[in-house]
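Asker:
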Amino acid sequence: MRLIDTRTLELGWFNDNEIPAYAILSHTWGSDEVSHQEYVWINRARKLSASSLPASLSQNEQHAQTSLMLALEMMIRGNSGALSGTMSESDLMKRVGYSKIINAAEQARGQGCNYLWVDTCCIDKTSSAELQEAINSMYRWYRDAEVCIVYLSDIAKNHGDFRTASEIARCAFANSRWTQRGWTLQELIAPVVCRFYLQDWTLMGEKVEFLKELSDVTNIPVHILEDSRSLSEVSVAERMSWAAHRQSTRIEDVAYSLLGIFDIHMPLLYGEGEKAFIRLQEEVLKTTDDYSLFSWRANESRQSTYRGLLARSPAEFQHCHSIERESVMSTFPIASTPIGLCVQLEFLPDAKDKSRVLAMIRSSNSMSQRLAITLKCLDGGMQYARVDAGTLTAIDDWPTGQLKTIYVRQKLSIPPSFTTTDFKCFHIQRRISNQITPAVRIISVTPRPAWDEASHELRIPENVTEFWGALLLRVQSATYAHSLNYPVAFGFNRATSHYWCKAVSVPQQSQTSYAIGTWPQAVKTRIPDYVYDPLRGNDVRSDMFLVGDSDLAINISISAGLCGDDIALKVYIDGLVQWQ
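Quick note on UniProt numbering: the sequence shown kicks off at 1 and runs consecutively.
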């Protein structure tokens, strides 16, 4: 662990068994922070400046030292123009990031701490190993500090017309970036002593003075702010909710900034995006049987939305600040397997929809109601998906459900022949095929108002029982050019969950009608009745048409699948290219 000597401003390295008492800085980053390499340069320059370049140095040595100081000054000021060959302490203080370190060191020294840790310059971020160790250790470093110096750089001394310290603090916490950043969550919770400083380094007060104000702004309970040792007694869902409205510059830091809150250590993989938060939840499940982790709610959810068991971000826990875990422990561990999370839950029938079940997640709300999520079986066996993910079901009478072991993939795999009443749309896409096929283009769609050209989706109205659509296709190949159009129809019955597709045969003498805009009516009259029969099942979910007089067939098929989070019917066509 690197620490700054608050008396000399020198950086020093300390092994774990020899770390002295230290203060620690909590702040929000600006555009001109001082990195580890820059801080080392600054210290070298200060030493050179203090030596005043004695005359005993040779001309070459004086020139080398002057060049070093010039380079440093240009780096700090970002100025490529002519600079003086010397640098004073006041020149360095003009950089806000360095000024922040100097002031923090002064405050630490005033608190009797001879050492200070600052994240900007005490971590060599060019070393991935050091950065990983630091991030996994950061909660402990803040917890073990003698005092945490919190600098509210965006709150001026006279930031409002308030009469009491409580009013000043409440306004400061409500308006400062510091209470909105991801990393500062653990920096508030972990330290025993926090001292808050305003923009001009005026002391506003200590954490113990503003527990109620901090709790109101952050939703963190007062008893946690007083003593973080009881952190593990708070449900996983509630802890996640504290980060729901916080932001991080890098998307992965949304997860990495929570490692200490859950006492988790895991590798850092910058570039993985939202997967970092999924990995965090998987690591949490290795250390707890707290199923409140499943009590998140999707910010956007429709009847057609199908999800896994894990949330995408802390924002989906924003309503979980009063959720508690049940005292009954699970005897069945949650396991991550190649076919999804394996979990044992109590099932209750869903009175609103027999195709769905309510799975109780061993958690309760502030009204002591048991909470359940809604699941739907995907394969008639053990594979499930979370549906109606925007809601939790509250149950008053604490019933005992049927215990069942299930698997839920985070990235759902929908069986091709899956049936449901929830399908959102027909999604048109190219069929993967090894055969060489000419380019096939869509030249018209019906019904046109339901068509989304950008996504190649034909929306299925929610209030319609029987719905059908059709595409007018044209083969774009000189080899098979007959200027013929090929209509393809497909349909869905919401009452029976039956769906089908059909390549409609086109007599040569009818080609004109398919080219002048009356083709939808012509297609509808030529759809055979048998495709509407639910008993036909998979028999009416694939078809083909021949290109002209050749033996080349264009295959089409329809199957269930996901488009984003929505369950949809995917219509596959050989050789399909972009809409035109």
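Each residue gets a CB set at the ideal place from its N, CA and C atoms; glycine is no exception.
These numbers were taken from a predicted model, which means no experiment stands behind them.
Any idea what DSSP makes of Tyr-384, helix, strand or coil?
Answerer: As a working note, residue 384 is residue 384 in the sequence shown. In this structure, Tyr-384 counts as strand in the three-state DSSP scheme.
Asker: Nearest to Lys-125 by CA position, among Glu-187, Ser-35, Gln-303, is which residue?
Answerer: The sequence position of residue 125 within the sequence shown is 125, counting from 1. Ranking the options by Cα distance to Lys-125, first place goes to Ser-35.
Asker: Is the separation between the beta-carbon of Val-254 and that of Ala-243 shorter than 9 Å?
Answerer: Here residue 254 refers to the residue found at position 254 when the sequence shown is read from its first residue. Here residue 243 refers to the residue found at position 243 when the sequence shown is read from its first residue. Yes; because the gap between Cβ atoms is below 9 Å, this pair is in contact.
Asker: How do the segment 402-420 and the segment 376-385 stand: do at least 3 beta-carbon pairs fall below 8 Å, yes or no?
Answerer: At 8 Å Cβ cutoff, the stretches touch.
Asker: Please determine, among Gln-318, Arg-312, Thr-400, the residue with the shortest C-alpha to C-alpha distance to Leu-348.
Answerer: Translated into positions along the sequence shown, residue 348 becomes position 348. Closest option to Leu-348, Cα to Cα, is Thr-400.
Asker: What separation, rounded to the nearest whole angstrom, lies between the Cα atoms of Ser-497 and Tyr-532?
Answerer: Here residue 497 is taken as the residue at index 497 of the sequence shown, counted from 1. Here residue 532 is taken as the residue at index 532 of the sequence shown, counted from 1. Ser-497 and Tyr-532: Cα-Cα distance of roughly 11 Å.
Asker: Of the choices Asp-32, Ile-323, Val-118, Pro-487, whose alpha-carbon is the least far from that of Ser-241?
Answerer: Within the sequence shown, numbered from 1, the residue matching residue 241 stands at position 241. Selected option, being the one with the closest Cα: Ile-323.
Asker: Is Val-222 near Cys-194, with beta carbons less than 9 Å apart?
Answerer: If you number the sequence shown from 1, residue 222 lands on position 222. If you number the sequence shown from 1, residue 194 lands on position 194. Cβ distance not < 9 Å, so Val-222 and Cys-194 don't count as in contact.
Asker: Output the boundary residues of the alpha helix (DSSP H) element that contains Val-222.
Answerer: Taking the sequence shown and counting its residues from 1, the one referred to as residue 222 is at position 222. First-last of the alpha helix (DSSP H) with Val-222: 222-226.
Asker: According to DSSP, which residues form a beta bridge with Trp-117?
Answerer: Position 117 of the sequence shown holds residue 117. Beta-bridge pairing links Trp-117 to Ile-24.
Asker: According to DSSP, is Glu-282 helix, strand or coil?
Answerer: Locating residue 282 in the sequence shown gives position 282, where the first residue counts as 1. If DSSP states are grouped into helix, strand and coil, Glu-282 belongs with the helices.
Asker: Applying the 10 Å Cβ sphere with the 16-neighbour rule, what's the burial state of Ser-366?
Answerer: As a working mapping, residue 366 is identified with position 366 in the sequence shown. Exposed, by the Cβ-count rule.
Asker: At 4 residues or longer, and completely inside the segment 104-189: list those alpha helix (DSSP H) runs for me, N to C.
Answerer: You should have 119-122, 128-144, 165-175, 184-189.
Asker: What span of residues does the beta strand (DSSP E) with Lys-502 cover, start to end?
Answerer: Taking the first residue of the sequence shown as position 1, residue 502 is located at position 502. Lys-502 -> beta strand (DSSP E) spans 498-503.
Asker: If you check the beta carbons only, do Phe-418 and Ile-558 fall under 9 Å apart?
Answerer: One-based indexing of the sequence shown puts residue 418 at position 418. One-based indexing of the sequence shown puts residue 558 at position 558. No. Outside cutoff.
Asker: Is Arg-181 close to the ligand MG? I mean its beta-carbon at under 8 Å from any heavy atom of the ligand.
Answerer: By its list of ligands, the structure shown contains no ligand whatsoever, and the ligand MG lies outside what it can speak to.
Asker: Mind reading off the beta-carbon distance from His-319 to Arg-297? Whole number of angstroms is fine, and I expect it under 8 Å.
Answerer: For this step, residue 319 is matched to residue 319 along the sequence shown. For this step, residue 297 is matched to residue 297 along the sequence shown. Right, the Cβ-Cβ distance comes to about 6 Å (below 8 Å), so this counts as a contact.
Asker: Rounding to the nearest angstrom, what Cα-Cα distance links Phe-317 and Asn-114 in this structure?
Answerer: In the sequence shown, residue 317 corresponds to position 317, counting from 1. In the sequence shown, residue 114 corresponds to position 114, counting from 1. If you take the alpha carbons of Phe-317 and Asn-114, they lie about 41 Å apart.
Asker: Taking the C-alpha atoms as reference points, what is the distance between Met-329 and Ala-489?
Answerer: Counting from one through the sequence shown, the residue named residue 329 turns up at place 329. Counting from one through the sequence shown, the residue named residue 489 turns up at place 489. Taking the straight line from one Cα to the other gives about 54 Å.
Asker: Apart from the five residues on each side of it in sequence, which residues of its chain come closer than 6 Å, Cβ to Cβ, to Ala-470?
Answerer: Reading the sequence shown from its first residue, position 470 is the one you call residue 470. Hits under 6 Å: Thr-446, Pro-487, Ala-489, Val-523.
Asker: In the DSSP assignment, the beta strand (DSSP E) including Pro-487 goes from what residue to what residue?
Answerer: Stepping through the sequence shown from its first residue, residue 487 is reached at position 487. It spans 485-493 - the beta strand (DSSP E) in which Pro-487 sits, taken as one unbroken run.
Asker: Give the DSSP-derived three-state secondary structure of Trp-242 in the structure shown.
Answerer: Counting from 1 along the sequence shown, the entry for residue 242 is found at position 242. Looking at Trp-242 - three-state DSSP - the assignment turns out to be coil, as it is neither helix nor strand.
Asker: Can you tell me whether Ser-433 is buried or exposed? The criterion is at least 16 other CB atoms within 10 Å of its CB, across all chains shown.
Answerer: Working through the sequence shown from its first residue, we reach residue 433 at position 433. So Ser-433 ends up on the exposed side.
Asker: Going by DSSP, what residue range makes up the alpha helix (DSSP H) through Tyr-256?
Answerer: Locating residue 256 in the sequence shown gives position 256, where the first residue counts as 1. Segment 253-256, the alpha helix (DSSP H) holding Tyr-256.
Asker: Using only CA atoms, which one of Arg-431, Glu-272, Thr-331, Arg-239 lies nearest to Phe-262?
Answerer: The count along the sequence shown starts at 1 and reaches residue 262 at position 262. With distances taken between Cα atoms, Phe-262 lies closest to Arg-239.
Asker: Which residue marks the beginning of the alpha helix (DSSP H) containing Ala-522, and which one marks its end?
Answerer: Along the sequence shown, one-based indexing puts residue 522 at 522. From DSSP, the alpha helix (DSSP H) with Ala-522 extends over 519-525.
Asker: Whose C-beta lies closer than 6 Å to the C-beta of Asp-200 among residues of the same chain, with five residues either side of it excluded?
Answerer: Residue numbering aside, residue 200 sits at position 200 when the sequence shown is read from its first letter. These residues qualify, in order along the chain: Lys-157.
Asker: Using 9 Å as the threshold, is the C-beta distance between Tyr-291 and Val-343 below it?
Answerer: Translated into positions along the sequence shown, residue 291 becomes position 291. Translated into positions along the sequence shown, residue 343 becomes position 343. In contact: Tyr-291 and Val-343 (Cβ atoms closer than 9 Å).
Asker: Start and end of the alpha helix (DSSP H) containing Asp-543?
Answerer: Numbered from its first residue, the sequence shown carries residue 543 at position 543. Where Asp-543 is concerned, there is no enclosing alpha helix (DSSP H), although the beta strand (DSSP E) it sits in stretches over 542-546.
Asker: Would you kindly report the start and end of the unbroken beta strand (DSSP E) that includes Glu-457?
Answerer: Counting from 1 along the sequence shown, the entry for residue 457 is found at position 457. Counting along the chain, the beta strand (DSSP E) containing Glu-457 begins and ends at 457-459.
Asker: I want to know whether the segment 159-179 touches the segment 127-140 - three or more CB-CB distances under 8 Å.
Answerer: No: the two stretches stay apart, fewer than three of their Cβ pairs being nearer than 8 Å.
Asker: Counting along the chain, where does the beta strand (DSSP E) carrying Thr-446 start and finish?
Answerer: As a first step, residue 446 is located in the sequence shown; it is residue number 446 there, counting from the start. Note, Thr-446: beta strand (DSSP E), 439-446.
Asker: Going by C-alpha distance, which of Asp-5, Gly-205, Val-387, Ile-361 is nearest Leu-412?
Answerer: Locating residue 412 in the sequence shown gives position 412, counting from the first residue. Nearest option by C-alpha distance: Val-387.
Asker: Around the C-beta of Phe-332, are 16 or more other C-beta atoms found within 10 angstroms, so that it is buried, or is it exposed?
Answerer: As a first step, residue 332 must be located in the sequence shown, where it is residue number 332. By the neighbour-count rule (16 or more Cβ atoms within 10 Å), Phe-332 is not buried but exposed.
Asker: Assign Glu-33 to buried or exposed, taking buried as 16 or more other Cβ atoms, counted over all protein chains shown, within 10 Å of its Cβ.
Answerer: On the sequence shown, position 33 is the one that residue 33 refers to. So Glu-33 counts as buried.
Asker: For Glu-282, which residues from the same chain have a beta carbon less than 7 Å from its beta carbon, with the 5 sequence-adjacent residues on both sides left out?
Answerer: As a position in the sequence shown, residue 282 is number 282, starting the count at 1. Around Glu-282: Ser-336.
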